[in-house]
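Comments concern the structure below.
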Amino acid sequence: MSEQPRRSLDEYGPNEMAIPSWTLLQKVGGDWAKGLGGKPGQFFNKTTDELADELNIVVVDIMMGRTKWGTEISDAGPVCASMDAKNNISIYNDDCLQCPDRLDAPWSVDAAERRTKCCLNYTILGIDIDHDLMPVILRAHGTSALASRHLITQLKMNRALRGEYYRALVNIKCQEKNTSFGTTYVIHPKIVQLITDESRVKELQIESNKLLGAPISLPVGRPEEEAGPEPLGYTSTGTPFYNEEERDRLMAKEAAPVELSPPKIPTAEAPTKTPENKEEKQEPTKAPLDLEF
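Heads up: the sequence shown runs through residues -17 to 275, numbered per this note's numbering.
This is the structure we're talking about:
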């Protein structure tokens, strides 16, 4: 019996896969997802076009990196980045410790300032429990970066896990956060259950080990959270405002009469006297007397 021809697809592993990525929809951006019925605060799977109100995953690893985006809002990749923030080396082999744009607490500043900085971020690599143990990626930028630290704390401080993170079932919802620019959404991860079925634990351990070390690519477009919220409106001079209080303040400022300084009246200068050219009168010179006789 002749052998079956070799199929390349059967030999592909995690290194050749584009791991499905879930994103948290914001009020700005996500046009494709919103065209499919997605709403701000929902999760969207860019690979399968699925929408979800929450995720249930087992964490494989959490990587810490840095990303600086350009000032223009576009789908272009970052202008600089570091895939491993701990080694402080950028993708261009620059020293991140010397970078004036380095920002270690992106959640502490607003989106406008974050757009000018190289911000710390986290990439959560996990196994999707609700989707046949599919590998997934969830990127946490901006204000969601702090939530990733909370998740790291939960996993590291749970003594029952003893480093076996694949035993922890993590539920991830979204949380509204009010800012001076309006409402944004951040991830809210929480360990909700420790898996005790040993056969299930063994299966998750095997799948987790397969994914460890899988290459994680740079994000191809600015996260919607970093795009900044959409203005509520604009004043008559074109200044954007993001809430009613800011609108009233800006409009009152523009409507206030402008106090003009009184015009300066030029002082008349005294005419400059031109010296007269008078000829000096000279007396006739007298001849000396002849006193010799």
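Using N, Cα and C, we set each Cβ at its ideal position, and we do this for glycine too.
Across the structure, Met65 and Leu194 are spaced so that their CA atoms are roughly 15 Å apart. It is roughly 37 Å from the alpha-carbon of Ala238 to the alpha-carbon of Gly52.
If you look at Arg48, you'll find it in the beta strand (DSSP E) that goes Leu37 to Lys50. Membership of Leu107 in the beta strand (DSSP E) is indicated by the continuous run Cys100 to Asp110. When the alpha-carbon of Ala58 is set against those of Glu189, Leu200 and Asn191, the nearest one is in Leu200. Cβ contact annotation for Met116 (same chain, cutoff 7 Å, sequence separation greater than five): Pro2 and Asp110, in chain order. If you draw a straight line from the Cα of Cys62 to the Cα of Arg229, it is about 36 Å long. Around the C-beta of Leu79, fewer than 16 other C-beta atoms lie within 10 Å, and the residue is accordingly described as exposed. Apart from the 5 residues on each side of it in sequence, Val91 sits with its Cβ closer than 8 Å to the Cβ of Leu85 and Lys99 in its chain, given in chain order.
For Glu95, there is no enclosing beta strand (DSSP E); the residue is part of the alpha helix (DSSP H) that begins and ends at Ala93 to Arg96. Taking the C-beta atoms as reference points, Phe26 is found no nearer than 9 Å to Leu37.
Using a C-beta cut-off of 8 Å, the segment 125 to 145 makes contact with the segment 167 to 174, since at least three inter-stretch Cβ pairs fall below that distance. Membership of Lys192 in the alpha helix (DSSP H) is indicated by the continuous run Glu180 to Leu193. By the Cβ neighbour-count rule, Asn103 is buried, with 16 or more other Cβ atoms within 10 Å of its own. In the DSSP assignment, the residues bridged to Met116 are Asp110. Between Leu18 and Asp35, the CB-CB gap reaches or exceeds 9 Å.
Per DSSP, the unbroken alpha helix (DSSP H) holding Ile134 starts and ends at Ser126 to Met139.
In the assembly as shown, Ile154 is a buried residue. Its beta-carbon has 16 or more other beta-carbons within 10 Å.
Within a 10 Å sphere around the beta-carbon of Ile106 sit 16 or more other beta-carbons, which makes this residue buried. Apart from sequence neighbours up to five positions away, the residues of its chain that approach Pro197 with a beta-carbon distance below 7 Å are Asn(-3), ordered along the chain. In terms of Cβ geometry, Val118 and Leu6 do not form a close pair [threshold 9 Å].
In the assembly as shown, Leu186 is a buried residue. Its beta-carbon has 16 or more other beta-carbons within 10 Å. Val42 and Leu232 have their alpha carbons spaced roughly 49 Å apart. For Cys156, DSSP records a beta bridge to Ile169. For Leu151 against Val40, the beta-carbon gap comes to about 7 Å, under 8 Å, which counts as contact. Straight-line measurement puts the Cα of Val183 at about 19 Å from the Cα of Gln136.
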